[in-house]
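Asks: Numbered by UniProt numbering, the letters in the sequence shown go through residues 1 to 159 in order.
Next up is a structure, given as structure tokens.
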Amino acid sequence: MAEARQEFPIEQQLKKDIQEAQRNRDQSRLDTLRMALGAIHNLEVARTDRKNAEYGQPLTEADCLKVLEQEVKKRSQAIPLYKQGGRLDLAEKEQHEMDILQSYLQSSQLSDDDLRTIVTRLIEANGKEFRRVMPLAAKETKGRADGGRVQRMVRELTQ
Numbered sequence: 001m002a003e004a005r006q007e008f009p010i011e012q013q014l015k016k017d018i019q020e021a022q023r024n025r026d027q028s029r030l031d032t033l034r035m036a037l038g039a040i041h042n043l044e045v046a047r048t049d050r051k052n053a054e055y056g057q058p059l060t061e062a063d064c065l066k067v068l069e070q071e072v073k074k075r076s077q078a079i080p081l082y083k084q085g086g087r088l089d090l091a092e093k094e095q096h097e098m099d100i101l102q103s104y105l106q107s108s109q110l111s112d113d114d115l116r117t118i119v120t121r122l123i124e125a126n127g128k129e130f131r132r133v134m135p136l137a138a139k140e141t142k143g144r145a146d147g148g149r150v151q152r153m154v155r156e157l158t159q
């Protein structure tokens, strides 16, 4: 049996909040947090499958954030469809879940100052060309800053 890995802070937070939601009998929050933790667990399990492209790769905190981002994206895509179909109850449920998940992503986001520092460092190392700096910045800030925000910062600093 492989040794158990250390839990990432985001997982510890999810577990703590699941217990709190149980105590407060907040069923929708409980379901959402369990789903998020389950999605992270599913990614980890998927990597034990030899057919998986990421087979054997250890899970990282960035992976956990990516899973949460995907869950938020699913919700944001479902909401307009539910509204179109006249299912406002389901749209509200998805919105509620999205808000809960967003709060976890927000806490892991880089501040503008931190983002500016990273982009400035990349420009110093790679020159002031947007096409050169942008992919590096995107890779380094993945899961910690919105792509649009990164792009604006890179554009602003490569002018």
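No residue lacks a Cβ here, since even glycine has one placed at the ideal position from N, Cα and C.
Look at the alpha carbon of Leu65 and the alpha carbon of Glu54, and state the distance between them as a whole number of angstroms.
Replies: C-alpha separation (whole angstroms): 16 Å.
Asks: Within 8 Å, do at least three Cβ pairs link the segment 148-159 to the segment 129-138?
Replies: yes
Asks: So for Arg121, helix, strand or coil by DSSP?
Replies: helix
Asks: On the CB-based measure, 16 or more other CB atoms within 10 Å of its CB, does Asp17 come out buried or exposed?
Replies: buried
Asks: Of all the options Ile79, Ser76, Gln106, which has the alpha carbon lying nearest to the alpha carbon of Arg144?
Replies: When each option's Cα is compared against that of Arg144, the closest is Gln106.
Asks: From which residue to which residue does the alpha helix (DSSP H) around Lys142 run?
Replies: Unbroken run through Lys142: none, as it is neither H nor E.
Asks: In or out: Thr32 buried (at least 16 other Cβ within 10 Å) or exposed?
Replies: buried
Asks: Just how far apart, CA to CA, sit Glu11 and Lys142?
Replies: 18 Å
Asks: Which runs of the alpha helix (DSSP H) spanning at least 4 residues fall entirely within the segment 75-140, listed in chain order?
Replies: 88-107, 112-126
Asks: Under a three-way DSSP split, which group does Gln6 fall into?
Replies: It is coil, neither helix nor strand.
Asks: Taking C-beta to C-beta, are Leu101 and Glu71 nearer than 7 Å?
Replies: When the beta-carbon positions are compared, Leu101 and Glu71 come within less than 7 Å of each other.
Asks: What separation, rounded to the nearest whole angstrom, lies between the Cα atoms of Asp112 and Ala78?
Replies: 30 Å
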